[in-house]
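Residue numbers (our numbering): 28 to 154.
Every residue gets a Cβ at the ideal spot worked out from N, C-alpha and C, and that includes glycine.
Note sheet for the following structure.
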């Protein structure tokens, strides 16, 4: 049973990442930038796919964690540049999903009953 909230766990991951990048952090982590992390982002993405294909939930949980760390790490790099942070990323994707799903979030304005209708409407919204 979960004893900590999702927010607490994400906050802990952000704190761990900040420590790794901090003054007394890990030399390797402190040297990284968006470009140097690309190979690791690709590798972790591929490992998530492999876990999905294996239908191994425990492995999937581990690999999604590694991929989540990549997202948090990249967000930390951007935060250090005062560009954006993890909250900005979450807001952007939430807003995008709400915009792309008016049939769910504003059903009084749009009713879609099939996947085909959803895809057709999504195509209109992406133009």
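Buried or exposed by the 16-neighbour rule on C-beta atoms within 10 Å, applied to residue i
{"i": "residue 4", "result": "Outside the displayed range of the chain (28 to 154) lies residue 4, so it cannot be described from this structure."}
{"i": "residue 106", "result": "buried"}
{"i": "residue 102", "result": "buried"}
{"i": "residue 71", "result": "buried"}
{"i": "residue 90", "result": "buried"}
Residue-level contact to chain C via CB, residue i, 8 Å cutoff
{"i": "residue 146", "result": "The structure shown contains no chain C, having only a single protein chain."}
Rounded straight-line distance, which links the Cα of residue j to that of residue i
{"i": "residue 124", "j": "residue 52", "result": "36 Å"}
{"i": "residue 56", "j": "residue 45", "result": "10 Å"}
{"i": "residue 63", "j": "residue 48", "result": "14 Å"}
{"i": "residue 50", "j": "residue 74", "result": "31 Å"}
{"i": "residue 40", "j": "residue 135", "result": "39 Å"}
{"i": "residue 32", "j": "residue 38", "result": "10 Å"}
{"i": "residue 237", "j": "residue 83", "result": "Because the chain here runs from 28 to 154, residue 237 falls outside it and cannot be looked at."}
Nearest-angstrom Cβ-Cβ length linking residue i and residue j, presumed shorter than 8 Å
{"i": "residue 130", "j": "residue 138", "result": "6 Å"}
{"i": "residue 104", "j": "residue 60", "result": "6 Å"}
{"i": "residue 87", "j": "residue 78", "result": "4 Å"}
Residue nearest to residue i in terms of C-alpha spacing, selected from the options
{"i": "residue 34", "options": "146, 117, 151 and 111", "result": "117"}
Check whether the stretch 92–105 touches the stretch 133–148, taking contact to mean three or more Cβ pairs, one atom from each stretch, closer than 8 Å. no
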